Amino acid sequence: MTFDAEWAALRAESTQRVDMRLNSLPAEGGGSGSGPADADLAVDRDNLGAIGHDAYTLHTRLAKDGDHARPSTFDAAIALTNGNFTSGSALLKVHDRWQTHMKTLLGACAQISNHLDYTKSAHMKDDVQIGGDLISVSKLNEYLK
2 MTFDAEWAAL RAESTQRVDM RLNSLPAEGG GSGSGPADAD LAVDRDNLGA IGHDAYTLHT
62 RLAKDGDHAR PSTFDAAIAL TNGNFTSGSA LLKVHDRWQT HMKTLLGACA QISNHLDYTK
122 SAHMKDDVQI GGDLISVSKL NEYLK
């Protein structure tokens, strides 16, 4: 099976699953259920931290292990170019493209890791603030009694 055929089959299957799920939701209420237990998406700080850690680990390993072939590729490209081989310039293009794609991928991993760390921290601060707001509301209720 070719990639295009497999990709089309997977897209069709995914669309069918989404359609079935949408068709199975209740019409009344117009909502997502009765509460957080029925929510389709639930994320806690542990999940965010684990995914952020995985992105950081991937970034670290990719920075170390993803660059093994680049120096020898560069040396080979220079040697071929100096030997008047036309493949030297093509190999140098491979080297440059690899370097560009590595930087892009490393940046994406770092962005994911940093964003999830920030999100985890922001949610923690929001929880503290909401808890403080609830305490001040309960104090107001005492004064109103």
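For the sequence shown, position 104 matches number 105 in the numbering used here, and the numbering has no gaps at all. Cβ atoms here follow ideal geometry from the backbone N, Cα and C, with glycine treated the same way. All figures in this text were calculated on a predicted structure; none of them were measured in a lab.
Collapsed DSSP secondary structure at G53 in the structure displayed: Position 52 of the sequence shown holds residue 53. G53 falls in the helix class under three-state DSSP.
Start and end residues, alpha helix (DSSP H) containing F75: Walking along the sequence shown from the start, residue 75 turns up at place 74. It spans A70 to N83 - the alpha helix (DSSP H) in which F75 sits, taken as one unbroken run.
Reduced DSSP secondary structure (H/G/I, E/B, other) of G108: Against the sequence shown, residue 108 aligns to sequence position 107. Here G108 sits in helix by DSSP.
Cβ separation of C1 and H60, assumed to be a contact under 8 Å, to the nearest whole Å: What is shown of the chain runs 2 to 146, which leaves residue 1 out entirely.
Selected residue, minimal CA-CA separation from T74, among S90, L63, M2 and N85: By 1-based counting over the sequence shown, the position of residue 74 is 73. Ranking S90, L63, M2 and N85 by Cα distance to T74 puts S90 first.
Exposure label - A38; buried when at least 16 CB within 10 Å: On the sequence shown, residue 38 is found 37 positions in, with the first residue counted as 1. Reliability of the predicted coordinates at A38 is poor, the pLDDT of 49 falling under 50, and no value is obtained from them.
Given K104 as reference, the closest of D127, A123 and D68 once Cα atoms are compared: Locating residue 104 in the sequence shown gives position 103, where the first residue counts as 1. The candidate whose alpha carbon is nearest that of K104 is D68.
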